[in-house]
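Everything below concerns the one structure shown next.
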Amino acid sequence: MLFRFKEKGGLQSRRWAPGVLGKYILLQLPSLALVIALLVILYEYYDFPVQYAWAVAVAWAAKDAILYPFVWRAYDAGPQRAMVGLTGKAREAVDPSGYVEIRGELWRAQVEEGAGPIQAGETVEVLDVQGLTLIVRPVPERASRAEK
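Going by the numbering used here, the sequence shown runs without a break in its numbering and finishes at 157.
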């Protein structure tokens with residue numbers, strides 16, 4: 010399904026990211042299970058009509074389905090979180106800040122607190138994203154060779 014939203018200068022389309030629906034369903038299951046358990050208790054001990062129990066369970070699931078298009082972005086990690094864990098190369102010395110190349114794109118980067126300076130050409134790993142600045146650390150040569 011395609012949604013449109015306003016983003017810096019105009020309308021753009023954005024599709025649901027893979028896995029977002031699955032994550033949403035998994036996070037809704039405990040509340041649905043609790044509602045069903047309460048309905049079973051009401052049915053067993055208080056003679057709650059089974060037709061009403063089914064209606065409440067279906068309405069509860071329908072509520073989750075209706076709300077999904079409005080809340081799915083909250084379950085999407087987004088592009089920033091996707092950067093964490095990626096490796097790239099320092100284009101210049103990063104001491105304490107500089108530029109690194111990740112997946113062919115140039116990013117402003119800062120060395121993680123406590124780490125030494127990173128020389129141009131060294132392999133770096135993204136630890137965090139703060140705005141448009143990546144927090145990186147140097148990757149030991151043995152680990153970077155094993156990735157290739």
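Ideal Cβ positions, reconstructed from N, Cα and C, are used throughout, including at glycine.
Are the beta-carbon atoms belonging to residue i and residue j less than 8 Å from one another?
| i | j | result |
| --- | --- | --- |
| Ala-64 | Val-44 | no |
| Ala-99 | Val-133 | yes |
| Val-49 | Val-103 | no |
Distance check for residue j and residue i, CA to CA, integer angstroms please.
| i | j | result |
| --- | --- | --- |
| Val-135 | Gly-94 | 5 Å |
| Ala-46 | Leu-38 | 12 Å |
| Glu-122 | Gly-28 | 33 Å |
| Gly-130 | Asp-85 | 33 Å |
| Glu-114 | Lys-32 | 29 Å |
| Ile-111 | Gly-140 | 16 Å |
| Lys-72 | Trp-116 | 42 Å |
| Tyr-77 | Ala-91 | 22 Å |
Along the chain, where does the beta strand (DSSP E) that runs through residue i open and close?
| i | result |
| --- | --- |
| Asp-137 | 132-139 |
Just verifying my parser: in three-state terms, what is the DSSP assignment at residue i?
| i | result |
| --- | --- |
| Arg-117 | strand |
| Arg-146 | strand |
What residue from the options has the CA that sits closest to residue i's CA?
| i | options | result |
| --- | --- | --- |
| Pro-126 | Ser-106, Asp-137 and Ala-83 | Ser-106 |
| Arg-82 | Val-109, Ala-118 and Leu-30 | Leu-30 |
Could you pull the start and end residues of the alpha helix (DSSP H) that residue i belongs to?
| i | result |
| --- | --- |
| Ile-50 | 29-55 |
| Ile-127 | Premise fails: Ile-127 is in no alpha helix (DSSP H) and is neither H nor E. |
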